[in-house]
Amino acid sequence: MRGIGKRLLAGLCLLALTACGQPAAEKKPAAGGPAGASAAVGGTLKAVRDRGYVSCGASTGTVGFGAPDSRGYWRGLDVETCRAVAAAVLGDKDKVRFVPLTGQQRLTALQSGEIDILPRTTTWTLARDANGVNFTLPNYYDYDGIMVRKDRGVTNSRELDGASVCVQTGSTTEVTFTNLVASVAPNLKAVIFDSTQATRQAFFSGRCDALITDASGLASVRATMASNPDDFIIFPADGKLSPLTPAVRHGDDQWFDIVKWSFQALLMAEELGITQANIDEMRNSQDPTIRRFLGVEPGNGAALGLDEEWTWRIVKQLGNYGEMFDRNVGAGSPLKLDRGLNRLFRDGGLMVPMAFN
Amino acid sequence: MTNLSTLLHDTRTRQIGLQALLLALVAGGVGWLILNTAGNLDDRGITGGFGFLDRAARFPIAESIIRYRPTDSFGWAFLVGLGNTLFLAVTVALAATVLGLGVALARRSAHPLTSGAATVYVEAMRNTPLVVQLLFWYALVTLGLPNIHAAFTPIDGVILADRGLYLPRPVIAGDKGPFLAALLLGLAAVGVAWRYGRVQSLRTGIPNHYGRIAILSALLLLGLVWGTTGLTLSLDRPVIGRFNATGGMGLSPEFTAVFAGLLLYSAAFIGEIIRGGIDAVDKGQWEAGRALGLEEGRILRLIVIPQALRVIIPPMTSQYINITKNTTLALAVGYPDIALVAATTINQTGQAVEGILILMLVFLTLSVTASLFMNWYNRRIALVTR
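Line by line, the protein sequences are chains C and X. Using our numbering, you'd call the opening residue of the first sequence number 1 and step up by one each time. Using our numbering, you'd call the opening residue of the second sequence number 358 and step up by one each time.
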């Protein structure tokens, strides 16, 4: 009866927001037993395995972070964060489906179960965290930036007073904008759009003097949409950090752990000097930390409810975090972003690899 | 004993039974949906309820009829959005009715160029999606108009640029009390005189000029009060600043695009409704009017339109409701209507179900109100049968 009800509901899902989640039986984590022992029958993990692919929330197109290339293959730092989970759980980084979501759809899609992971550029905030979403750990440290044409002669938020600023709705930059109005630039005018594309087009058409969003997003826009990227400058809006963080749904701790540690594996690989090229030699290493990390000495995989080769597959298929960064947004990409805060802690950045034991 | 089988074969009993069953199914379905939603929300750790409406909204709203600051509450932000929606819906409905009447008359024109142009307009508007039209108007306004630093200024104080249309704002300085009182008095007097004149002319059959005399004397009174209380009128002219025009009053590109788009789209439909209504009036009515020696314009106003209205009003009701609902497309071009406020609120608070519920409730109320008003008007103009 409940099964029929579920199908009936799927048909009735005119309001995709109400109740179109996964069946109740699947989303509860397995109860009882010591941690690890029961992990093999987790909720989301089982659903993903039965389905054969991981469902990821993607942006509607931010080159470098998540956008399909000319052949329709999704590329980007956020996209690859999701691919790492697919490599760990299903053995293949391509067993993923990307659901393009706007800024305002993304959290609802995650809460309602339409996607398993939201790795797209989402800032970790209290209100979001407290409302049906669990943030893992930041995969990119960003700040809110403002982009203007160079010939306007503006280099900080204070000088921008009186200007029109294009803002996208459903983003933390709305709050940053409000703070700017309250603090340094009381006469700023907002022009607010629902879609990313409309916001960017309005900026380039001259409707606004400035565009405000994550600095990384601005760099992506500048590299891909400006006829001459050198005509534009980007400066920090208020100097506050926005940690962009992949998120999962409340209520499935095992899946939460898997997503968190799949990303940690990328960081640890860089810390240990393991790359896509040398990983097979590294398996023969005598270093106990490396042996344990790569599952030569078993234990980590079983603890998460995975096999022992999950870290090997992630690095073999995607490389380490440094390689991923360079390929998508760093020196090897059109964005040419400085590694900056996103260096490992030992190199002066904020990325801290957690211990794999 | 009239046994059960007789009762079972009774048509009336069966009908009641079937309806009760259907009602129970619907009620059960709705109840199950509500329970399931509540359960799912609870499972996912989402706190429900409307408590968030009191919290500070903290997001900007680009332009509004009602005063708004980001420190106001989410509830107030919804009201501000509703104000914008209503303003847009009412101005569009009024303008579209006037334009629609023009289109209807043009389509019925004997002049082939006039009727041809009207036909092309109606077909072009009816056969393309509204959201595409809105995006077209917005692109036209922001890409087609000159940059603010090379703005088009035909006369001092009028600025047309990609930032919108800016006009001088009249500023009245001095004690406005007596003038406003005189204005109200004048309006009331004109209203009464107009009505009395009409009743008189209908009763006696002789045209009179009471209404016109009242207007003239009211204007005279206003001029007198203006002169004696020493009011001054000045113009606040907009000037181009470093980034934007400041001062004066402005019409944003977003409002212009959504207003123009909705107006032209709705006027096409309204034009067809009015044309249909006029065509539905028998040819003989026109001929009778001509036989009485009335001019064409008076035949239309006195004989045809009162009869056509009875055909026009019911579809017009749905058209007005459509306009109200179509205002939600404003978010495509960035005009902050209630849908945009709801979208932002949902994102900032995560209260998707509550946000959508508010939106549905607001539009249900608006549509039902419009419907009730139009039904009342319909009854008022309906053919009186004895």
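Don't be surprised by glycine CBs; every beta carbon is placed ideally from N, CA and C.
- At a cut-off of 8 Å between C-beta atoms, Asn-735 (chain X) does not count as an interface residue with respect to chain C.
- When 8 Å is used as the limit between beta carbons, Arg-207 (chain C) is near these residues of chain X: Thr-499, Asp-519, Arg-520, Pro-610, in chain order.
- Of the candidates C:Val-85, C:Arg-339, C:Asp-287, C:Asn-357, C:Arg-339 places its Cα closest to the Cα of Asp-142 (chain C).
- Within the segment 563-634 of chain X, the complete alpha helix (DSSP H) runs of at least 4 residues fall at 567-586.
- By the C-beta criterion, the segment 465-479 of chain X is judged not to be in contact with the segment 181-188 of chain C, since fewer than 3 inter-stretch pairs fall below 8 Å.
- With respect to chain X, the C-beta atom of Ser-164 (chain C) has a partner C-beta closer than 8 Å.
- Sequence-distant partners of Ala-86 (chain C) (beyond 5 residues in either direction) whose C-beta falls short of 8 Å from its own C-beta, in its chain, are Tyr-53, Val-54, Asp-92, Lys-93, Asp-94, Lys-95, Val-96.
- With fewer than 16 neighbouring CB atoms inside 10 Å of its own CB, Ile-422 (chain X) falls in the exposed class.
- Non-local C-beta neighbours of Ala-739 (chain X) in its own chain, meaning closer than 7 Å and more than five positions away in sequence, comprise Arg-667, ordered along the chain.
- For Arg-526 (chain X), the pairing in a beta bridge is given by DSSP as X:Asp-593.
- Secondary structure note for Gln-490 (chain X): it is in no beta strand (DSSP E), and the uninterrupted alpha helix (DSSP H) holding it is 487-501.
- Among the residues of chain X, none has a CB under 8 Å from the CB of Arg-200 (chain C); the nearest is roughly 12 Å distant.
- The segment 180-265 of chain C contains, as complete beta strand (DSSP E) runs of 3+ residues, the segments 189-193, 210-214, 232-244, 247-249 (chain order).
- In chain C, no part has a C-beta under 7 Å from the C-beta of Ile-373 (chain X); the shortest such distance is about 26 Å.
- Residue-level contact check: Asp-287 (chain C) does not touch chain X, since none of the beta carbons of chain X fall below 8 Å from its beta carbon.
- The contact set of Ile-212 (chain C) on chain X, defined by CB atoms closer than 8 Å, is empty, because the minimum CB distance reaches about 11 Å.
- For Phe-409 (chain X), no beta strand (DSSP E) encloses it, and the DSSP letter there is neither H nor E.
- When Cβ-Cβ separations below 8 Å define contact, Val-191 (chain C) makes contact with chain X.
- For Ser-466 (chain X) and Phe-626 (chain X), the gap between their C-alpha atoms comes out near 18 Å.
- Within chain X, the residues placing a beta-carbon under 7 Å from that of Arg-128 (chain C) are Gly-707, ordered along the chain.
- Listed along chain C, no residue sits closer than 7 Å to Leu-436 (chain X) by beta-carbon distance, the nearest being about 18 Å off.
- The criterion of a C-beta distance shorter than 8 Å is not satisfied by Thr-121 (chain C) and Thr-172 (chain C).
- With a beta-carbon spacing of about 16 Å, Gly-299 (chain C) and Gln-254 (chain C) fall beyond the 8 Å limit used to define contacts.
- Each residue's CA atom was taken as its position, placing Arg-658 (chain X) and Gln-105 (chain C) some 52 Å apart.
- At the C-beta level, Ala-84 (chain C) and Leu-350 (chain C) stay beyond 8 Å of one another.
- Residues of the segment 440-463 of chain X whose Cβ lies closer than 8 Å to any Cβ of chain C: none.
- Within 7 Å of the CB of Ile-403 (chain X), the CB atoms of chain C belong to Gln-111, Asn-131, Gly-132, in sequence order along the chain.
- A check of alpha carbon separations from Val-582 (chain X) across X:Thr-499, X:Val-549, X:Gly-543, X:Ser-609 identifies X:Gly-543 as the nearest.
- Beta-bridge pairing by DSSP links Thr-62 (chain C) to C:Gly-66.
- Per DSSP, Asn-393 (chain X) is one residue of the alpha helix (DSSP H) stretching across 368-400.
- Partner residues in the beta bridge of Asn-134 (chain C), as assigned by DSSP, are C:Val-248.
- In the DSSP secondary-structure assignment, Val-148 (chain C) is bridged to C:Ala-210, C:Ile-233.
- Distance from the CA of Ser-59 (chain C) to the CA of Ala-530 (chain X), rounded to the nearest whole angstrom, comes to 53 Å.
- The contact set of Gln-197 (chain C) on chain X, defined by CB atoms closer than 7 Å, is empty, because the minimum CB distance reaches about 11 Å.
- Rounded to the nearest whole angstrom, the C-alpha separation of Ala-198 (chain C) and Met-354 (chain C) is 40 Å.
- Nearest Cα to Phe-193 (chain C) within the set X:Leu-697, X:Leu-590, X:Ala-452, X:Gly-707: X:Leu-697.
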